[in-house]
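Taking it in order: structure first as structure tokens, then the write-up.
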Amino acid sequence: MSTADLDLPATESGTTNPSGPPVGLGRRNRRNRRIPISVLIAVGWLALVLLAVLAAPLLPGLDPLRGDFAHPAAPPGAGHWLGTDADGRDVLARTIAGARASFAVAALTVLVGLVLGGTLGLAAGWFGGWTDRIIGFATELLMSVPALIMVMIAVSLRGPSLPVIGSLIGLFTVPSFSRVVRAVVLSLADRGFVVAARMIGTSPWRILRREIVPHVAAAAAAFAFTATTVAIVAEGSLSFLGFGLRPPAPSWGGIIAEGRTTLGSAPWISLAPAAALCLTVLAANYLGERLRSADQKGGPAR
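For the sequence shown, our numbering begins at 28 and goes up steadily by one.
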């Protein structure tokens, strides 16, 4: 009796595999499940920065405010890996401390944008009608406001602090979060599993919690990376313009601004935080795009 008579799947080598899919297909599936090296690099960089932020206060010699007056504007070397600034402060320690400020602002931005924007997007997409129109008008009105200028005005009135800056930047991400969530809710509202849940009398809140929110969470998480990059760049811009944390408190934008007067003689003062900011934004943007692509390919399959 031949393999064709038994109707068994044949492997790439001509043998049979009666207990499962073809061996060649299994190998291809394993290759497809491998995490790309670019994703590992992006995750590794963000993890490294986060680890440095958490570990820096516990390590000796990484005080961002202590000045080595014997070595002002010293180039990178054994004593100071990224050199010192004009006041003898270690650039590496200040860059890590600046990352702490940027990550704190980004976390608060995402929290405010996700909670407020996600709630408004769920309400607009699920209830529709006048609820959708009112929320849409409010978000469009907020989007028409020059965000950076308004944050500058508010910081001038309230004083610069991480909670104020993070909350204000997060407020201006609410329209974007709302639109992302609303679009996902509208795409799910007429799907079979949602219609079936309605037909059997499931309460709207239970449908939202069990059927809608899990799918919304993936899209919101992907956009959260974009909001993170917006917050980091906005905080750096505010600090560079003098509306961020007051010196000597370190932030990436503030350190870059401090070193711009010595770019010709001591470029490392500005280049180190600038490189850290650019790499962090690039990594977060890339991971957000990968998550968004994976969410669009997978889709809400039920």
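Think of the CB as a built atom: it goes at the ideal place given N, C-alpha and C, for glycine as much as any other residue.
Beta-carbon gap between residue i and residue j smaller than 7 Å
i	j	result
residue 187	residue 271	yes
residue 248	residue 136	no
residue 239	residue 222	no
residue 202	residue 235	no
residue 125	residue 277	yes
residue 296	residue 80	no
residue 120	residue 89	yes
residue 261	residue 196	yes
residue 301	residue 283	yes
residue 66	residue 319	no
Outcome for residue i when other beta-carbon atoms lying within 10 angstroms are tallied against a minimum of 16
i	result
residue 116	buried
residue 68	exposed
residue 285	buried
residue 122	buried
residue 133	buried
residue 291	exposed
residue 162	buried
Residue from the options whose Cα sits closest to the Cα of residue i
i	options	result
residue 307	290, 291 and 279	279
residue 84	283, 127 and 273	127
residue 215	227, 237, 198 and 197	237
residue 108	318, 321 and 299	299
residue 289	95, 165, 194 and 111	111
Closer than 6 Å: residue i CB and nearest the ligand MG heavy atom
i	result
residue 112	The ligand content of the structure shown is nil, which means the ligand MG is not present either.
Segment contact, 8 Å Cβ cut-off, at least three pairs: the region 147 to 165 with the region 202 to 220: yes
For the region 68 to 78 against the region 89 to 103, do three or more pairs of beta-carbon atoms, one drawn from each stretch, fall closer than 8 Å, so that the two count as touching? no
Evaluate the contact criterion for the region 219 to 232 versus the region 155 to 167: three or more CB pairs, one atom per stretch, below 8 Å. no
Inter-stretch contact (C-beta, 8 Å, three-pair minimum) for the region 135 to 143 and the region 251 to 258: yes
Is the region 167 to 181 close to the region 258 to 268, with three or more CB pairs under 8 Å? yes
Which runs of the alpha helix (DSSP H) at least 4 residues long sit entirely within the region 143 to 179? Give them in chain order. 145 to 154 and 156 to 170
Entirely enclosed alpha helix (DSSP H) segments - the region 181 to 228, minimum 4 residues: 189 to 198, 201 to 216 and 219 to 226
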